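Residue numbers (this note's numbering), protein chains in the order written: chain A, 1 to 314; chain B, 315 to 628; chain C, 629 to 942. To start, the structure under review is shown below, and the notes come after it.
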Amino acid sequence: MTDTPDNAAAAWPIAAAMLQFPGTLRDGTAITDAGPDHWRRLLRRVVLAGFDNVEIPSAWLRLGDLSATALGDFGAVVSELGLGVPGITVVRESIIHPAQGSQNLAFSHRTIDAAAELGVPVVCLGLHDALAPAQRDVLWFWTQAPPPKPSEPETYDLAVRGYRELAEHAANVGVELSLELYEDTYLGTASDAVRFVTDIGHPAVGLNPDLGNLVRRQGPVEDWRDILPAVVPYTNYWHVKNYLRMEHENGTVFTAPATMATGVINYRDAVTMALDAGYRGAFVVEHYGGDGLGVGAMSRDYLRGLLSEELALR
Amino acid sequence: MTDTPDNAAAAWPIAAAMLQFPGTLRDGTAITDAGPDHWRRLLRRVVLAGFDNVEIPSAWLRLGDLSATALGDFGAVVSELGLGVPGITVVRESIIHPAQGSQNLAFSHRTIDAAAELGVPVVCLGLHDALAPAQRDVLWFWTQAPPPKPSEPETYDLAVRGYRELAEHAANVGVELSLELYEDTYLGTASDAVRFVTDIGHPAVGLNPDLGNLVRRQGPVEDWRDILPAVVPYTNYWHVKNYLRMEHENGTVFTAPATMATGVINYRDAVTMALDAGYRGAFVVEHYGGDGLGVGAMSRDYLRGLLSEELALR
Amino acid sequence: MTDTPDNAAAAWPIAAAMLQFPGTLRDGTAITDAGPDHWRRLLRRVVLAGFDNVEIPSAWLRLGDLSATALGDFGAVVSELGLGVPGITVVRESIIHPAQGSQNLAFSHRTIDAAAELGVPVVCLGLHDALAPAQRDVLWFWTQAPPPKPSEPETYDLAVRGYRELAEHAANVGVELSLELYEDTYLGTASDAVRFVTDIGHPAVGLNPDLGNLVRRQGPVEDWRDILPAVVPYTNYWHVKNYLRMEHENGTVFTAPATMATGVINYRDAVTMALDAGYRGAFVVEHYGGDGLGVGAMSRDYLRGLLSEELALR
Numbered sequence: 001m002t003d004t005p006d007n008a009a010a011a012w013p014i015a016a017a018m019l020q021f022p023g024t025l026r027d028g029t030a031i032t033d034a035g036p037d038h039w040r041r042l043l044r045r046v047v048l049a050g051f052d053n054v055e056i057p058s059a060w061l062r063l064g065d066l067s068a069t070a071l072g073d074f075g076a077v078v079s080e081l082g083l084g085v086p087g088i089t090v091v092r093e094s095i096i097h098p099a100q101g102s103q104n105l106a107f108s109h110r111t112i113d114a115a116a117e118l119g120v121p122v123v124c125l126g127l128h129d130a131l132a133p134a135q136r137d138v139l140w141f142w143t144q145a146p147p148p149k150p151s152e153p154e155t156y157d158l159a160v161r162g163y164r165e166l167a168e169h170a171a172n173v174g175v176e177l178s179l180e181l182y183e184d185t186y187l188g189t190a191s192d193a194v195r196f197v198t199d200i201g202h203p204a205v206g207l208n209p210d211l212g213n214l215v216r217r218q219g220p221v222e223d224w225r226d227i228l229p230a231v232v233p234y235t236n237y238w239h240v241k242n243y244l245r246m247e248h249e250n251g252t253v254f255t256a257p258a259t260m261a262t263g264v265i266n267y268r269d270a271v272t273m274a275l276d277a278g279y280r281g282a283f284v285v286e287h288y289g290g291d292g293l294g295v296g297a298m299s300r301d302y303l304r305g306l307l308s309e310e311l312a313l314r
Numbered sequence: 315m316t317d318t319p320d321n322a323a324a325a326w327p328i329a330a331a332m333l334q335f336p337g338t339l340r341d342g343t344a345i346t347d348a349g350p351d352h353w354r355r356l357l358r359r360v361v362l363a364g365f366d367n368v369e370i371p372s373a374w375l376r377l378g379d380l381s382a383t384a385l386g387d388f389g390a391v392v393s394e395l396g397l398g399v400p401g402i403t404v405v406r407e408s409i410i411h412p413a414q415g416s417q418n419l420a421f422s423h424r425t426i427d428a429a430a431e432l433g434v435p436v437v438c439l440g441l442h443d444a445l446a447p448a449q450r451d452v453l454w455f456w457t458q459a460p461p462p463k464p465s466e467p468e469t470y471d472l473a474v475r476g477y478r479e480l481a482e483h484a485a486n487v488g489v490e491l492s493l494e495l496y497e498d499t500y501l502g503t504a505s506d507a508v509r510f511v512t513d514i515g516h517p518a519v520g521l522n523p524d525l526g527n528l529v530r531r532q533g534p535v536e537d538w539r540d541i542l543p544a545v546v547p548y549t550n551y552w553h554v555k556n557y558l559r560m561e562h563e564n565g566t567v568f569t570a571p572a573t574m575a576t577g578v579i580n581y582r583d584a585v586t587m588a589l590d591a592g593y594r595g596a597f598v599v600e601h602y603g604g605d606g607l608g609v610g611a612m613s614r615d616y617l618r619g620l621l622s623e624e625l626a627l628r
Numbered sequence: 629m630t631d632t633p634d635n636a637a638a639a640w641p642i643a644a645a646m647l648q649f650p651g652t653l654r655d656g657t658a659i660t661d662a663g664p665d666h667w668r669r670l671l672r673r674v675v676l677a678g679f680d681n682v683e684i685p686s687a688w689l690r691l692g693d694l695s696a697t698a699l700g701d702f703g704a705v706v707s708e709l710g711l712g713v714p715g716i717t718v719v720r721e722s723i724i725h726p727a728q729g730s731q732n733l734a735f736s737h738r739t740i741d742a743a744a745e746l747g748v749p750v751v752c753l754g755l756h757d758a759l760a761p762a763q764r765d766v767l768w769f770w771t772q773a774p775p776p777k778p779s780e781p782e783t784y785d786l787a788v789r790g791y792r793e794l795a796e797h798a799a800n801v802g803v804e805l806s807l808e809l810y811e812d813t814y815l816g817t818a819s820d821a822v823r824f825v826t827d828i829g830h831p832a833v834g835l836n837p838d839l840g841n842l843v844r845r846q847g848p849v850e851d852w853r854d855i856l857p858a859v860v861p862y863t864n865y866w867h868v869k870n871y872l873r874m875e876h877e878n879g880t881v882f883t884a885p886a887t888m889a890t891g892v893i894n895y896r897d898a899v900t901m902a903l904d905a906g907y908r909g910a911f912v913v914e915h916y917g918g919d920g921l922g923v924g925a926m927s928r929d930y931l932r933g934l935l936s937e938e939l940a941l942r
C-alpha cells in the first residue's frame, strides 16, 4: 500500500465509543463476568457498524478486574473480530473521591497492567465522578450542575501525586496515560488542565482534549478556539464529539448533541491545529443521545474524509 | 436472491410518507379528483427520491372516495411506477368527533374496502383530529396544546365500539387496522394505548408506536424506553420519525424535528426491541419541517443499514 | 455527454462559500497581499472538499484592490485548480454607510471591473454593514439586533442612485449585480426588496434570495413560502443555507445553523418554485457554525440530487 493521503487516513485509528452499551446483560450479569461468547456477540455490533477500532470503557467491561485467563480470552475475541483497541478508559471513578479514592486508584493500576498485557497503548482517566442523582433524573446530565471541584490544596496535591504514581507504573510497562478535560474539575479549563498536567510533570501523562465536555454547558463557556491551542501540545488521545448551542440575548443557553460536522466545534480547523502541533494519536468518536454507535460511524467517515483532505495538503 | 441479511433488509418495506404533499393542485382541484395523470406525476417524486414503497394518506388522496374505475386507475399507476403500498392512513378524521364522527366512521369503512381492493394490508387510523386554529398559526403545531381527551365514559365506549366494528369489517376483507399513538388521546400514553387496544380486543387491531408524536411535546414526556416495550407486542405498523429535545433546569423544553439517527429516540435500540418481539411489519419514514421527502430518504437508508446489521446478528 | 437530468444537475454551478476563511495569514498579512502561492494553497482546500466552483468574498480577498498583474495571477490560480467563479461578493461594505459609503461605492466599482476582467458573471452586493460590537461578542451574531434601517428618504434615494450607477457600469462590462436579502435593510422583507429593486429599475440588477438571513432571527419572521414567490422573478444569484428554529408558546425563539436538508426551509419546494420561475443561475452553499466547508459539501451533494430529481420531472 503506497502512502497516499487516502491510505494514511484509512490507517489512522478511529475507535468506536461504547457509551450506549450497558454494563450488564438483561439478566443482570455484569459484562465483566459474562465471558467471551457475550463479549464477541456484543462487539460484533461495533464491527457491523464498520469500525476496526474500539475503546473499552470500564463502565462496560472492567478489564482491570479480569483474571489472566479471562484477559487472554478478551484479547482473543478482539483479535478474532479484527478490532484494534487504541485505548481503555476509566472515568467516573476518580482517584480523589472522598470514600472510593483509594480503591479507584488501585483499579486504575490494575487497568494499566491489563492495557500492557493486551498491548493497548493508552489508558484514559478523569477526575469527574459518578453522576449525581439530579443529573441521572434528567434527559441530558450536563444540564444539571456537577459538584464543584475540591478547593483544598491537599486534595489537589493528592491528585497530582496519584497520577504521578500511576504514570510511573504506566511508563514501566510501556503505556501512556491521558487525562480527559471535564468541567468543574482540575481539568475543566484550558489553563487549569495545563497547570495540572505540568504539575504532574511526567512524560507518560498527556491530555485528552474532549472539547464536547466543555462546550455543552448550558451557561458561559470558554471558546474551543482558545482551549485547543493551549492543550494540544500535551494531547496524546482524543475523544471527539460535538454539540449544538443556542444562545438567547436574555442569557439562556440550550445545548444538545450534534453530529461531528454540524455542531459548534469546527473539527476541520481543530484537526488542522492538532496535526500542525504534531498530533498522531487515536480518535474516539463519542455521541450521546439517540443512536450513539450510528452517529459515531458517521463521525468516523467524516473524520476520515477530513484527515484525507488535510494530509493531502501537507 | 439468497437470503442474506443485506437482501432481507433490502426487501423490508420502508415507505415514504407524504406529509409535505398538499391535498390540492395549484388550481384548487382536489388530488382525489385530479385523476391518474396527476397522480403519476406527483408519485414520480417519491420514486425519484429512491422509494419503492409509499403510504397513501387521506389528507392527500381520499382512496375511500374513489369510484371503482378511479380506484383501478390508481392501482394501475402505483403498479406502473413499481411502488408498493403497505398502508393507507386516515388521521385527523376521528370517529368520535362530536359533529363529524359518524361520517368519519363511514369514510374509514370505505377506506378499508379500498385497501382490500388494492391489496393494501393495513389501514392506519387515529383519534387525533384536525389541528386547532392556534396550532395552525405556529411554526410547529405540537408547541400548542391540543384539545384534551374526552373525559366521558360514553365517548370512550363509542370509540371502542367504533373500532371493533371497523375491525370486524377489516378482518372480513383481509385487512388489519393500526391505531396511531398520539398525545392527549386514548392512545396518548403506553398504558392508555394498551388498555384501549385490549378493550377493543379484536385480532385485526394493532398499534402504530409513533414515538415521535409523544416525545416532541414541549413539556414532560414518558421515556420512549418505557413506551415501546409496553406497546410492541401489539405493533403491526410503524411510523418512524425523530426529534431533538433541549431541556433547561428551569423546566423549559424546546423540540424540533431531527433526522432519524440524530434525535433523542435511539432507533438502533428501538428496532432491536421490536425485532426481538417479532415485529416484521412495514416502516413509514415521516419528517416534519424542511424537506420531509428528502429527510425521509435519509431515514430509509439509515433504517435499511440498521436492519441489515441487526439481521446479521441473528 | 448527453443532456440527461443527472448530467444537467452535475453541470449546474454550485459554489463553495468561504465564510470560515480568515482574511489574513497567521502572520497578519492580508490574503489580498499574500500572492498566488498562498491563494493556491488555500483554495486547494475547496478543491479537496469536492467543489468545482467557488465564490470569492471581499472579506477574504479584495479582488477590486488587486493590480492588473495580481488579478491575472489570481485568474491563473483558479484556472489551474479547475475552479469556476460564478460570483464575487462584497458585503458588510454598504454604499450608504455614513462615513465609508463613498469609498465602499468606489470599491464596488473596482470589483465590477475585476469581475469583468476575470469573466465572473455576477457581483453580489448588500446593504448590511460590519457587525456591531455586541454582535461580535456572541456565539451567533444574529441573536443580537442589528442597527435599524435608515428612516430618511434621502438615504433610500442615495441607495437607489448608487446601485443604479453601479448597474450602469456593470451592464457596460457584461456583469450583473445581485442584491442580497438581509434583515433590517431595504432588502429585509419580500415587499421591501421588490420595491427596492423596482425603484432601481435596471435590467442588470437582480436579487439574491438568501432566505437563511431572514429565518434565523430569534423573533417573528416572514414565512419563506411568502418571501420566495415574491422575489423569485428578480432572482439572478442564490446563497442557500438553512436554520433550525425552535419556538415556545411563551414567544421565545431559538435558532441555530442546520444542514440544507434538515432546517426549516424546504429547499426541495424552494428549488421547484425557482425552476418553475425560470431560475438558471448559480447556487452558493453557505453555513455558519462548525465546519462550514464540510457542511457546504453536504449541501452541494444534496442540492445536486434535488436538481437531478427536479429536472427529471420536466
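The beta carbon of each residue, even a glycine, is placed where N, CA and C say it ideally should be. Bear in mind that the values here come from a model prediction, so they are computed numbers and not experimental data.
Pair within 9 Å by beta-carbon distance, residue i and residue j
i              : j              : result
L493 (chain B) : G440 (chain B) : yes
V912 (chain C) : T717 (chain C) : yes
A261 (chain A) : M926 (chain C) : yes
P761 (chain C) : V719 (chain C) : no
R481 (chain B) : I410 (chain B) : The question names Arg, but residue 481 (chain B) in the sequence shown is Ala. Against a cut-off of 9 Å, the Cβ pair of I410 (chain B) and A481 (chain B) comes out as no contact.
P778 (chain C) : Y784 (chain C) : yes
R216 (chain A) : L767 (chain C) : no
Y557 (chain B) : H516 (chain B) : no
G84 (chain A)  : D52 (chain A)  : yes
A49 (chain A)  : G251 (chain A) : no
H915 (chain C) : T887 (chain C) : yes
A306 (chain B) : Y551 (chain B) : Any question about residue 306 (chain B) goes unanswered here, given that chain B covers just 315 to 628.
D379 (chain B) : W353 (chain B) : no
G533 (chain B) : A323 (chain B) : no
Closer than 9 Å to chain B by CB, residue i
i              : result
M18 (chain A)  : no
W39 (chain A)  : no
A49 (chain A)  : yes
V892 (chain C) : yes
L244 (chain A) : yes
L809 (chain C) : no
For residue i, the residue or residues it bridges with in DSSP
i              : result
A884 (chain C) : C:L872
T383 (chain B) : Its beta-bridge partners do not exist; DSSP assigns none.
P692 (chain C) : This sequence places Gly at residue 692 (chain C); Pro is not what is there. Looking at the DSSP assignment, G692 (chain C) forms no beta bridge with any residue, so it has no partner.
E804 (chain C) : C:V750
N522 (chain B) : B:E494
I56 (chain A)  : A:I88
Neighbourhood of residue i by C-beta distance below 7 Å, restricted to the same chain and skipping five residues each side
i              : result
E222 (chain A) : T189, A190 and L214
A130 (chain A) : R92
Any chain A beta carbon closer than 9 Å to residue i
i              : result
Q846 (chain C) : yes
A572 (chain B) : yes
R673 (chain C) : yes
Min CB distance residue i to chain C below 9 Å
i              : result
F568 (chain B) : yes
Min CB distance residue i to chain D below 9 Å
i              : result
R618 (chain B) : Among the chains of the structure shown, chain D does not appear; the protein chains present are A, B and C.
Contact set for residue i: own chain, Cβ-Cβ below 6 Å, skip 5 residues either direction
i              : result
G101 (chain A) : I95
Beta-carbon contacts of residue i that lie in its chain and below 8 Å, excluding the five residues immediately before and after
i              : result
L699 (chain C) : L691, A742, E745 and L746
Item checked: Near-chain C residues of the region 598–616 of chain B - C-beta to any C-beta below 8 Å -> G603, G604, D605, G606, L607, G608, V609 and M612
Item checked: Where the region 185–216 of chain A meets chain C: residues whose CB sits under 8 Å from a CB there -> none
Item checked: chain C contacts made by the region 443–463 of chain B, where a contact means CB separation under 7 Å -> V452, L453, W454, T457 and Q458
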